[in-house]
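*Asks:* Below you will find the structure I want to go over with you.
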Amino acid sequence: MQHAVITELETSLAFDAEIDNPPSVKENFTTVFIDGNEVKRPDAVQHNGLINIVPQNPSSKIKSFIQNWASSRKKIRIMLDNGSTMYLLEGCYIRKMATENFSITIYYNSFKEA
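Right, here's the structure in full:
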């Protein structure tokens, strides 16, 4: 887990959190044979994925925001700053939420490095 600052861009609500991994590009490869040699060729690139987020000491405002976001299933934009790189995550919604510590698993549709 690594430290990050999560900012919801519509309301500029920000909170500290621990994340399991930053967004990354996933490539799929196809194996082809050229002149009898096996070659792996990039097939598709995915810019979507899942991130596990555990808010650190969430205030009542943060807890309320997470609960409302989870119940509405609304897709929002988030800025994630892990200290070395900033990411703009688009099309984010909560896929899974644990109520005891407000840890959430979010799905993002696309991301860009800022």
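Heads up, the sequence shown is in our numbering, so the first residue is 11 and it goes up one at a time. A virtual CB, placed ideally from N, CA and C, is assigned to each residue, including glycine.
#1: Looking at the secondary structure, which residues open and close the beta strand (DSSP E) in which S113 lies?
#2: With distance defined between alpha-carbon atoms, name the residue in E28, Q12 and N119 nearest to N67.
#3: Does the region 13-26 touch the region 85-92, meaning 3 or more C-beta pairs lie closer than 8 Å?
#4: Confirm, please, whether the CB-CB distance from V64 to S113 is below 8 Å.
#5: How far does the beta strand (DSSP E) with N78 in it extend, from its first residue to its last?
*Replies:* According to the structure shown:
#1: Its beta strand (DSSP E) spans residues S113 to Y118.
#2: Checked all of E28, Q12 and N119; the closest Cα to N67 is E28.
#3: By the Cβ criterion, the region 85-92 is in contact with the region 13-26, since at least three pairs of Cβ atoms, one from each stretch, lie closer than 8 Å.
#4: Result yes, Cβ atoms of S113 and V64 sit closer than 8 Å.
#5: It is not in any beta strand (DSSP E) - N78 instead sits in the alpha helix (DSSP H) that spans S70 to S82.
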